[in-house]
Each structure stands twice: as structure tokens, then as C-alpha cells.
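Working notes, structure below.
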Amino acid sequence: MRAIYKKEIGSFYRSMMGYLYTAFFLLIAGVYFAAFNLQGGISEFGYVLGNTMIVLLVVIPVLTMRTLGGEQRQRTDQLLYTSPVNISQIVLGKFFAVLTVFTVPLLILTTCPLVLSQFGKISLLQSYSSFLAFFFMGASCIAIGMFISSLTENQIIAAVLTFAVMLLSYLINGIGSLIKGYAVGNIISPFLQWLSLFQRYYDFVDGYFDVTHLVYYVSVVVLFLFLTVQFIKKRFRKRSLYMRCTCALMAVIVVLLNAIAVKIPAKYMKFDTSAFRIYSLSDQTKKVVESLDETVELYLIAPQGKEDEKLTRLLEKYEELGDKIKVTYVDSILSPTFVQSYTSDKVSDNSIIAVGPERSKVIRNSDLFPSNYDYNTGKTTTDFDGEGQITSAIHFVTGENLSHMYMITGHGETELPEQFTALLEKEGVEYDKLNLMTINEVPQNAECLLEYIPVSDITKTEAEVLTKYLENGGKLLLITGISAAEMPNLGEVMSGYGLASIQGLIMEGDGNHCIPSYQNFLLPEIKDSAVTSSFVSKDELLLLPNSHAITVLPDVRSTVDAQEILTTSKSSWLKTDTSDLSYKKGDLTGPFAVGVLASEPVGDDQTRIAWFSSDSLMVDEIDEMVSGNNKNLILNTIGWMTEQDNNIAIRAKNTQAVTLRLTSAQVMQWSIVYLAVIPGIVLAAGIIFCVRRRRRQ
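Numbering (my numbering), first residue to last: 224 to 920.
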């Protein structure tokens, strides 16, 4: 086999064919690399290889048309097949020779992800998984091309037939999708899609490493190389019945092998290589599912064959966590009234209904794929919140007691942002409004009160109700802004726990603790606490624009534990006159607290208070500038107050590729390297080698 391999490799590189193929493939890949990755800033290299598939439709037939058909045309086949090397070794030698020629440009292109990694964070595992899948896909195409080449001595016919077969495989997935929905189409479509060589590759590009796809590619290679050997033997030995039986047996073995691979649990065969781990389940989800005592049914509502792959893959992961999760696919066309058992509202396709022993919850497609508007670029992106929504729904339908929060009203309080109320629902926190003037005491089911940016003071009566609630172990989350209104009653309640407000706009003089050019947009120092430990451990940022100061009073009773958790630097100052924001002699200087916690034991319970001093803390645009950390801070605080250890803190995952940042000069530099320099070197090397070889002859 080694002799055959060397002979075939020599035939490619002693002529210009091998060099032309390598240079041509590198040139086409370089065009897409420059357009997508360098100029477009896309970090995923797999799309470059995906777009070169159309090149394979032309190149593979050219590479394989002469492998076996050429031997027949030159009448050297009988001499070759009667040599001491057996036919299997001859076929394998030729196959590996063509595969080597196919692989050479891929090896050169493996430098591209390394180049991209210099200009942004990319998933090298995802990129090189795409290379592996592309390699096996190419090997499958080569095996098919060699089989067709063995059927005819005419190289043109072999090339045309190989091109036709590969084109059909390229289009067959789309054909299958077109006939879905028809009676016969629903039966034929899965079979047609199973025959597609090329569609499987895109799973690897999407960050879903599926070993069953590699098994499929390997089985295609083995099957067609086996058929090639058998057809060659038939030409010399005329054992047609035996050949047909062995070919049929091999086909059955291949089908069974793939059927077995599909049945192996996904945790052994399918892996998440995506940059944002969108197909993985967190430890928190695993703990929630492991703690289930009752079965939870998850119904995916979608027409048959049109289920979203991200959802089906994720639901497959949930099923593998244990027998307490049961996943059912409901055809919205065949069962149009199914959702009416759980909601009277219209439910869009690819939504999920979670059903527990006592309650159910509809997870709408818009919640699974939330859209975000980027105020920096003006573009709308779509995230994937599959795990967060599904795990939250499981927690909701199985939870005995849900957390209940009341928002105090009647003082010009700002409405909570819609995104935050959606997060509260996802956390399993029920939310209502409460006017303290209309009640004598806070409702018994109130696990937490929220006062969100009041513009006027509470009354003395309200202060008495609020104080009584706190003295009995109540919880209060207070978010305030800079206000001209005096608030002595609210101040009296807070002073009872050693906290007071200092009005004025904080300006930050340390560039490491504010946004460039915006000294009032504070990036406070985060101190470790029950609600900030996750930010400290990950060295993440919080952003508090337009904040006033909070001070801890020295004469508070000893049972109260007050803690500053967000503070400015020593270079900050407080402006009461905002007509001139620069530092003036007499301005109070920092550090200032802009976030505090206070607690006090009350029997077996504990009073808990959290106070943050920025009225822009939960504004969507501000929150997005720190990747949602501001809202996470408030959710952590609510979790601390309600003592919910199993709050669902799983956030939506970005599905968009990280945008690379290259200068125009860098784009030009690397474009020249991959569009001109590398293909040019390969082509020049081929010309030099071939010219020298001719001169020697």
C-alpha cells in the first residue's frame, strides 16, 4: 500500500495538479476569510470552510476521476491488479493519496483561527472541530468519487457523475424540507435528510460536536471503499452473487452501526463546543432536577420536522438528567387544541409548556429567544435563554411556596423596567404593588418590600407601618436617586438601622472607577458580601450613574450590622451645586458608599435592608454596558432577603459570534497574506519544481 500511496502522491505533485488544487482552494478560502473574518469581524472560522463546500463539488470530481478510471483507460489496470499488492491495498493507497492532497490546504488554513485569536476572544475548540468535520466530510466525498471512478474508464463521465451525486447530496436536505408537511413527504423527508453529507457539517460550526456525524462519515468511507474493492474484483473474478450478498451485508452493517450510534446517550456522543456553552446545562440546573420528587413534563409545541434544533438539543440534555424529566413533542398542526388545556392565549411555534404536579407554565418562544437592542451599534441581537427559562419553569411548577415581593407606591415611584419584571418572573418571584396608606400592617406573605426611586417622602403613618414591619424581621430593598425633596420620615426609618443619605452628585476623580469622559458614571469598588461575592470572584463591574452618598451612622445600636459594599475611591467628591461639576474647595471628598447592607437578628428571623443610591441602576442601556450585572445585583439582593438558596440565576446566553476588532491596516495585511502570498508561494513552488523536473528529463 505504501508503494501505491507514494506513486499516487508523486503523480499529483510531479505535475501541477496538486499545486493548482492547493493554491485554488487556499485562494477561495482566503477570499471568504478576508470577507467574513477580517473585514466582517466574525470570529467563527467554520463559516469560511462551509462556504468552500461549493468548491468541493468541482474539485473532488477532478481529484478522483483518474484514480481508477485512468488505469482502465491506459490499460494498466490488469497489470496493477495482478501485482503482489492486493486490491484492497491498492484502493486504500489511492484513497489516502487523494485524501492527503485534500488535507494539505486544510493544514495551512489551521493557522487562521490562531490569527483571529489575536484580535478577540474566539472558541478555538469550535473552530478546530469544524476542521475535523470538514476533513471527514471530504473523505466521504473522495470515497464516493473513487467508487464512481471504478465504474467507468471515461474520466469525464466519472467526474460528471461524481459532481451530480455530490450536488444531489448538497441539495437533498433542502428538497426534504420542501416536501415536509405532505403525507408522503413526512415519511420520505427524514430518509432524504439522512443521506445529506453536507448538512451535518454545520452542527460543528454551530458549536455542537456530534460524534454520530463522524460515525456517519466514517461509515460512508468504509462502505464506498468496500464497494469499490468488490466492483473491481467482480471485473476479474465474476462472482456476482457473492459480491451482491457481501455488498448488501456491508450496507446493513453500516445502517445498523449508525442506528446504534444514534441510540447511545447524548452525554457520550454530543458535546458543546460553542463559545457561550449554549448546549450545556449548569450545575444549578442539575441540582434543581436532582431535587425533584415529582415528574415534570416538558412539551415542545411545533409542527413535525420544524422543531428548533437548539431547543431539541437542550431538551435532550434535560432528559438525560434523570427520569423526573419527560420531554414530549406536540405537533401544533395535528393537535391544535393541546395548548388550550394550559392557557387561553395563543402560543407560537417552538414554545414550551412545563407541567408539574400542581401548576403549569408556558414558556413562549420570544422568552426563549429574547431580542436585545445594542445602543452602541444600533443593531438588534437575539440571545438564547433556553436553560434559564426551562429551569426556572421547572422550579416554578414544582415549588411549594413562591417568593412574594411588594413594591411600595404612592410617592411618585418609577415603574420597574419590563426586562427586570420578566427576570423576577423567571426567578419565581411574584410581584405586586402596595400602598402603605391603605393598610395597618404589611401583608403576611410579603417576603420583601421594594421602594424604587421615590420622589416624595412617606407619611408618618407609613413610616410607622414600615418600622413595625422591619422590627418583626422584615426585608426592605431601597433604590433612591438624587432628589431635591426632603424625606425626613423615610430618613428616620433608615436611621434606625444606622443608615442615612447625603444628597449631591458624586463625581469620580479616579479614571479606574468611572467611565471615560463621564465622571458621574461610577464604577465602584465592590466589597465581598452576601450579594456581591459572585462579582468579586469574577472581577466583574457594576455601573452606577448619578449617585448620591450613603453613610453609616456611628451611634447605631450594637445589634445592627451595617456594611458598605459599593464604594467610590478617595479621589471622588460630592457636588451639591451641579452648575460646576469640577472639584472646589469645600466639597465633601470620598470615599463614599453607594451601596450598603444592614441586618439585625429578630428572634429566629433577621431584619435585612439593602440600599443603592443610583436612579439609573436598572435602566436597560446602563445595565447592558456591564453585561447585565446591575440587574443581577438586584436579583442577588432579593435572593438574599427572601433566603432563596435555589434562586434561578441562569442568564440568557449570547448566540452571536464575538465581533473581532481589526484596524484597516491589519485587515489589509492579513488579507494580502492569505489571498496573495500563501497561494502565490504554493503556485510558485509548483512551477519551479515542474520546470526543474522537465529540464532534468
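Using N, Cα and C, we set each Cβ at its ideal position, and we do this for glycine too. Keep in mind that this is a model prediction, so the values were computed, not measured.
Exposure of residue i, with buried meaning 16 or more beta-carbon neighbours within 10 Å
{"i": "GLU650", "result": "buried"}
{"i": "ASP868", "result": "Residue placement at ASP868 is flagged as unreliable, the pLDDT there being 49, under the threshold of 50; a coordinate-derived value is accordingly withheld."}
{"i": "GLN667", "result": "exposed"}
{"i": "VAL511", "result": "buried"}
{"i": "PRO747", "result": "buried"}
{"i": "TYR502", "result": "buried"}
{"i": "SER795", "result": "buried"}
{"i": "ASP958", "result": "Any answer about residue 958 is impossible in this case: the structure gives the chain only from 224 up to 920."}
{"i": "GLY909", "result": "buried"}
{"i": "VAL478", "result": "exposed"}
{"i": "PRO768", "result": "buried"}
{"i": "THR703", "result": "buried"}
{"i": "ALA226", "result": "exposed"}
{"i": "ASN309", "result": "exposed"}
Close-in-space but distant-in-sequence residues of the same chain around residue i (CB under 6 Å, 5 per side omitted)
{"i": "GLY818", "result": "ILE788, LEU789 and PHE835"}
{"i": "ASP846", "result": "ASN853 and LYS854"}
{"i": "TYR541", "result": "ILE548"}
{"i": "TYR806", "result": "TRP796"}
{"i": "GLY361", "result": "PHE325"}
{"i": "TYR552", "result": "LEU523"}
{"i": "GLN262", "result": "VAL890"}
{"i": "MET848", "result": "LEU766"}
Residues near residue i in its chain [Cβ-Cβ closer than 8 Å; skip 5 each side]
{"i": "LYS683", "result": "ASN712"}
{"i": "ILE901", "result": "LEU249, GLY253 and ILE331"}
{"i": "LEU546", "result": "Residue 546 is actually Asp in this sequence, not Leu. Only THR518 meet the Cβ criterion."}
{"i": "ARG884", "result": "GLY264, PHE342 and GLY343"}
{"i": "GLY727", "result": "ILE705, HIS771, ALA772, LEU797, LYS798, THR799 and LEU811"}
Among the options, nearest to residue i - alpha-carbon criterion
{"i": "LEU659", "options": "THR644, HIS634 and ASN668", "result": "HIS634"}
{"i": "ASN481", "options": "VAL428, ARG500, TYR440 and GLY397", "result": "TYR440"}
{"i": "GLN453", "options": "GLY397, LEU374 and TRP417", "result": "LEU374"}
{"i": "GLN889", "options": "ASN260, TYR244, LEU243 and SER238", "result": "ASN260"}
{"i": "MET276", "options": "SER238, SER350, ALA246 and LEU394", "result": "LEU394"}
{"i": "LYS490", "options": "PHE499, ARG536, GLU513 and GLN892", "result": "ARG536"}
{"i": "LEU906", "options": "LEU544, GLU231 and MET240", "result": "MET240"}
{"i": "PHE414", "options": "GLY528, GLY430 and ALA387", "result": "GLY528"}
{"i": "ASN573", "options": "LEU591, GLY579 and THR566", "result": "LEU591"}
{"i": "THR830", "options": "TRP893, ASP803, ARG919 and GLU694", "result": "GLU694"}
{"i": "TYR396", "options": "VAL438, GLN416 and GLY697", "result": "The sequence given here has Asn at residue 396, not Tyr. For ASN396, the nearest C-alpha among the options comes from GLN416."}
{"i": "SER679", "options": "VAL438, MET710 and VAL388", "result": "MET710"}
Beta carbon of residue i nearer than 8 Å to that of residue j
{"i": "VAL444", "j": "SER363", "result": "yes"}
{"i": "ILE617", "j": "GLU674", "result": "no"}
{"i": "CYS671", "j": "THR865", "result": "yes"}
{"i": "LEU745", "j": "GLU731", "result": "yes"}
{"i": "LEU523", "j": "GLU532", "result": "no"}
{"i": "ARG289", "j": "GLN378", "result": "yes"}
{"i": "LEU329", "j": "PHE370", "result": "no"}
{"i": "ILE313", "j": "GLY368", "result": "no"}
{"i": "MET841", "j": "ILE857", "result": "yes"}
{"i": "VAL716", "j": "THR690", "result": "yes"}
{"i": "MET492", "j": "ALA484", "result": "yes"}
Other residues of its chain near residue i: CB distance less than 7 Å, five sequence neighbours each side excluded
{"i": "PHE494", "result": "PHE432"}
{"i": "SER752", "result": "GLN786, ILE788 and LEU820"}
{"i": "SER392", "result": "LEU418, SER419, LEU420 and PHE421"}
{"i": "LEU515", "result": "LYS547 and THR621"}
{"i": "LEU348", "result": "THR496"}
Span of the beta strand (DSSP E), counted from its first residue to its last, around residue i
{"i": "ARG831", "result": "828-835"}
{"i": "PHE248", "result": "First-last for PHE248: 240-255, but that is the alpha helix (DSSP H), not the beta strand (DSSP E)."}
{"i": "ILE788", "result": "784-790"}
{"i": "GLU823", "result": "816-825"}
{"i": "ALA723", "result": "722-725"}
{"i": "LYS549", "result": "548-553"}
{"i": "LYS798", "result": "796-798"}
{"i": "LEU906", "result": "LEU906 -> not in any beta strand (DSSP E); alpha helix (DSSP H) instead, spanning 901-919."}
{"i": "ALA772", "result": "772-775"}
First through last residue of the alpha helix (DSSP H) which encompasses residue i
{"i": "GLY651", "result": "Note, GLY651: premise wrong, no alpha helix (DSSP H); not H, not E."}
{"i": "THR334", "result": "334-339"}
{"i": "PHE358", "result": "347-374"}
{"i": "MET848", "result": "843-848"}
{"i": "ASN274", "result": "269-274"}
{"i": "MET864", "result": "852-865"}
Any non-hydrogen atom of the ligand ADP within 7 Å of residue i CB
{"i": "SER571", "result": "Ligands displayed in this structure: none; no statement on the ligand ADP is therefore possible."}
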